[in-house]
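Following: one structure in structure tokens, then a few remarks.
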Amino acid sequence: LAKTTQPISMDSYEGQEVNITCSHNNIATNDYITWYQQFPSQGPRFIIQGYKTKVTNEVASLFIPADRKSSTLSLPRVSLSDTAVYYCLVGGRGSSNTGKLIFGQGTTLQVKP
Amino acid sequence: DTGVSQDPRHKITKRGQNVTFRCDPISEHNRLYWYRQTLGQGPEFLTYFQNEAQLEKSRLLSDRFSAERPKGSFSTLEIQRTEQGDSAMYLCASSLTEKQETQYFGPGTRLLVL
Chain A
8 LAKTTQPISM DSYEGQEVNI TCSHNNIATN DYITWYQQFP SQGPRFIIQG YKTKVTNEVA
68 SLFIPADRKS STLSLPRVSL SDTAVYYCLV GGRGSSNTGK LIFGQGTTLQ VKP
Chain B
-18 DTGVSQDPRH KITKRGQNVT FRCDPISEHN RLYWYRQTLG QGPEFLTYFQ NEAQLEKSRL
42 LSDRFSAERP KGSFSTLEIQ RTEQGDSAMY LCASSLTEKQ ETQYFGPGTR LLVL
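Read top to bottom, the protein sequences are chains A and B.
Every position in the first sequence, counted from 1, becomes a number in this note's numbering once 7 is added.
Counted from 1, the second sequence has number 17 at position 36 by this note's numbering; the numbering is strictly sequential.
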């Protein structure tokens, strides 16, 4: 799986938009980009996934430029409850792929009042 | 709730004892994964099953660790002769084969070896 690089930590205030950028220079053609969120003492939770351009769901948006060597997770109007660790992962689909996820250290987002 | 469940949520044991954890995946998911997470680190892959077949094991899974998924539904992870270094959160996840990068995690079992 492609290695990813993301900031170790970020601070924000309630109501602000937060953008977390992830670099994945060695992303393969069949790799998807997936973001997970993890609260303390809980398992990671799937947030969003994309292949190219922009994906939006009820939780976040994911922006992927044409070269796909980076991606940005955008959280609109964060609240205190968005304080968590956010992981960026890349990996391929298909039954020939084990699907094991390789997590880095993630980005610890601290939202302040 | 039809999510992934794990039991127990917490386990304290003495060094040298054996422990067993259980994971119940989402019912229609044919893939099941085990991960281990230590403080401040992201989860690390241990092993995974496609139905009842264990298809891959990480080098982290020493011979003291064994995992089973006998009927392709729930899975167990056993650690024999526990060591203090085994203290960690053990996470289970499940997915569909065709969406393996979208995994649904359980709440984890936190193990403390004294």
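Idealized CB from N, CA, C, for every residue including glycine.
If you draw a straight line from the Cα of Ala74(B) to the Cα of Leu36(B), it comes to about 15 Å. Our two residues, Met70(B) and Ile60(B), have alpha carbons roughly 13 Å apart in a direct line. The shortest CA-to-CA distance from Thr63(B) to any of Pro(-11)(B), Ile(-7)(B) and Thr(-17)(B) is the one to Ile(-7)(B). Taking a contact as a CB-CB distance under 8 Å, the pair Leu87(A) and Thr41(A) does not count as one, their CB atoms being some 25 Å apart. Nearest CB-CB separation between Pro(-11)(B) and chain A: not below the 8 Å threshold. Contact note: Phe86(B) reaches chain A through Tyr43, Gln45, Gln49, Gly50, Pro51, Arg52 and Phe53, using a C-beta cutoff of 9 Å and chain order. If you look at Val62(A), you'll find it in the beta strand (DSSP E) that goes Thr60 to Thr63. Cβ neighbours of Ser8(B) within its own chain (closer than 8 Å, five residues either side excluded): Thr(-17) and Ser54. The DSSP-derived three-state label of Leu77(B) is coil. Pro47(A) is not a Cβ neighbour of Phe86(B), given a cutoff of 8 Å.
Distance check between Gly(-3)(B) and each of Leu92(B), Gln65(B) and Thr90(B) places Gln65(B) closest, using alpha-carbon atoms only. Residue pairing from DSSP places Ala91(A) in a beta bridge opposite Leu116(A). Around the C-beta of Asp74(A), fewer than 16 other C-beta atoms lie within 10 Å, and the residue is accordingly described as exposed.
In this structure, the alpha-carbon of Cys29(A) lies about 32 Å from that of Ser43(B). Straight-line spacing of the CA atoms in Asp67(B) and Ala48(B) works out to 15 Å.
Non-local beta-carbon contacts of Gly57(A) in its own chain, meaning distances under 6 Å to residues more than five positions away in sequence, involve Ile40, Leu69 and Ile71 in chain order. Near chain A, meaning a CB-to-CB distance below 7 Å, the residues of the stretch 19 to 33 of chain B are Gln22, Gly23, Pro24, Phe26 and Tyr29.
For Gly89(B), the neighbours in chain A by C-beta distance under 9 Å run, in chain order, Ser48, Gln49 and Gly50. Short of 8 Å from the beta carbon of Thr78(B), and not among the five residues preceding or following it, lie these beta carbons of its own chain, in chain order: Asn11, Arg12 and Gln31. Neighbours of Tyr71(B) in chain A, taken as residues at a C-beta separation under 7 Å, are lacking, since the least C-beta distance is about 10 Å. For the 8 Å CB-CB criterion, Leu41(B) and Phe2(B) do not form a contact. With a threshold of 8 Å between beta carbons, Gly57(A) makes no contact with chain B.
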